[in-house]
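Residue numbers (our numbering): 26 to 451. Backbone N, C-alpha and C define an ideal beta-carbon position, used for all residues, glycine too.
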């Protein structure tokens with residue numbers, strides 16, 4: 026008779042993280058001395074955390090209650106900090122394809138596609154009813170997308186599935202989850218990294234390529250996986266990643282060409298834009314150094330090159346570095362050199378932070394900076410309607426700088442969390 030396999034103990038944050046340990050005395054109670062966590066795998070943690078994530082999305086709906094009741098007209102939606110891209114998508118006809126809708130102009134291909142799918146589900150009615158319907162359907166879908174992202178993240182961490190709480194219980198969900206469909210990109214990243222952890226390179230490449238087509242900055246995650254595979258000399262996995270990514274690009278590009286859409290339309294729109302909210306370069310414009318779109322494009326390209334170089338150094342010099350840690354470093358470099366950094370960019374890092382299993386103290390410090398920026402940015406955008414009520418440029422620049430410093434702090438916390446156990450073992 027074959028002996029029964031005894032599962033390894035899963036890492037429990039309530040035993041290793043002071044913030045979680047303190048919170049456990051309020052919610053759930055501390056883990057028992059003789060408890061053996063992890064006996065049933067990652068699924069119990071995923072079930073609990075995915076359910077709790079819907080509570081945070083519901084709190085996001087409550088945060089936007091003013092707009093839900095009265096509509097998303099400006100500047101009211103800005104002063105009340107309840108603006109969302111979702112209701113904007115109901116303007117005009119939905120179009121016959123995802124890329125023929127007036128609301129899809131300038132959007133990445135898969136972001137336009139998911140917006141179009143939700144748009145055609147919304148029943149007719151007054152403008153307010155259309156907006157409310159789009160927001161309601163969007164909120165339900167976003168709650169599902171985040172719950173699935175939590176499950177994939179937990180499945181990627183069989184020895185520590187409760188670290189997926191960094192996705193499910195992050196305070197930034199309340200403020201940013203319902204601004205746009207960026208939760209779709211978060212799901213694709215989480216699923217792509219799960220596929221990589223299961224040695225399914227082709228599936229990983231396809232999913233991470235789809236994330237790039239949802240939010241271009243998340244192409245850094247695909248590149249990070251490629252760099253890690255190169256550093257570990259995993260030639261077969263490289264071929265699988267390339268095949269999966271090529272299939273995704275071919276399918277989406279082919280559908281766009283058949284429908285008469287330009288696959289590079291969003292890139293053309295991006296290239297013509299100036300420095301916008303949240304960008305480091307916008308601070309320069311406050312000081313009188315306004316950069317042209319061409320200069321901003323050159324800086325953004327330089328940022329991508331720098332990100333690839335730093336990612337390769339991290340992946341090749343430290344064998345303990347995971348794709349999530351390398352990807353977070355690369356993503357933050359791209360974010361810092363981009364021409365715009367929207368508030369919902371806070372969502373992009375969540376699965377990477379969870380896979381690094383950083384301390385909650387570090388997570389909450391970063392989330393605090395994101396919260397502060399969220400509060401001030403809307404009033405600053407609405408300054409044209411009431412300049413006396415808006416935050417001065419100088420103070421807005423301070424909040425932008427604090428936010429950018431906070432994401433750099435997040436990278437340091439992630440690298441320390443991943444490399445720490447290996448250093449202690451030596």
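Buried or exposed (CB count within 10 angstroms, at least 16 for buried), residue i
i           : result
residue 417 : exposed
residue 185 : buried
residue 206 : buried
residue 97  : buried
residue 362 : buried
residue 114 : buried
residue 178 : buried
residue 265 : buried
residue 334 : exposed
residue 345 : exposed
residue 157 : buried
residue 431 : buried
residue 312 : exposed
Nonlocal neighbours in the same chain, by C-beta distance under 6 Å from residue i, ignoring five residues either side
i           : result
residue 103 : 403, 406 and 407
residue 163 : 111 and 143
residue 4   : The chain is shown from 26 up to 451; residue 4 falls before or after that span and cannot be answered.
residue 86  : 164
residue 67  : 179, 180, 183 and 186
residue 109 : 203 and 204
residue 439 : 350, 353, 381 and 383
residue 246 : 214, 233 and 352
residue 435 : 391
residue 262 : 226 and 254
Secondary structure of residue i, DSSP reduced to three states
i           : result
residue 343 : coil
residue 312 : coil
residue 367 : coil
residue 399 : helix
residue 322 : helix
residue 408 : helix
residue 206 : coil
residue 381 : helix
residue 115 : coil
residue 327 : helix
residue 334 : helix
residue 187 : helix
residue 12  : What the structure shows of the chain is the stretch from 26 to 451, and residue 12 is not part of that stretch, so it cannot be assessed.
residue 300 : coil
residue 107 : coil
residue 286 : coil
residue 428 : helix
residue 215 : helix
residue 223 : coil
residue 240 : coil
residue 98  : coil
residue 317 : coil
Extent of the continuous alpha helix (DSSP H) to which residue i belongs
i           : result
residue 294 : 290-296
residue 132 : Neither: residue 132 is in no alpha helix (DSSP H) and is coded neither H nor E.
residue 266 : 260-283
residue 90  : 90-95
residue 177 : 152-180
residue 416 : Here residue 416 belongs to no alpha helix (DSSP H), and DSSP marks it neither H nor E.
residue 229 : 226-237
residue 190 : 190-193
residue 149 : No alpha helix (DSSP H) holds residue 149; DSSP gives it neither H nor E.
residue 250 : 244-256
residue 362 : Where residue 362 is concerned, there is no enclosing alpha helix (DSSP H), given that its DSSP letter is neither H nor E.
residue 66  : That residue, residue 66, is in no alpha helix (DSSP H); it is neither H nor E in DSSP.
residue 374 : Taken as a continuous stretch (DSSP letters only), residue 374 belongs to no alpha helix (DSSP H), as it is neither H nor E.
residue 201 : 197-201
residue 101 : 101-104
Sequence-distant residues of the same chain with beta carbon closer than 8 Å to residue i, five excluded per side
i           : result
residue 149 : 155
residue 453 : Limits of the chain in this structure are 26 at one end and 451 at the other, which puts residue 453 out of reach.
residue 339 : 346, 350, 351, 354 and 440
Same chain, Cβ closer than 7 Å to residue i, neighbours up to 5 away in sequence not counted
i           : result
residue 133 : 238, 239, 240, 241 and 291
residue 50  : Annotation note: pLDDT 49 at residue 50 (below 50); position unreliable, no value reported.
residue 421 : 401 and 405
residue 349 : 218, 377, 380 and 381
residue 147 : 115, 155, 158, 159 and 162
residue 375 : 191, 192, 195 and 211
Closer than 8 Å to chain B by CB, residue i
i           : result
residue 367 : Among the chains of the structure shown, chain B does not appear; only one protein chain is present.
Check: residue i C-beta below 7 Å from any heavy atom of the ligand PLP
i           : result
residue 303 : Looking at this structure, you won't find the ligand PLP or any other ligand, since it has none at all.
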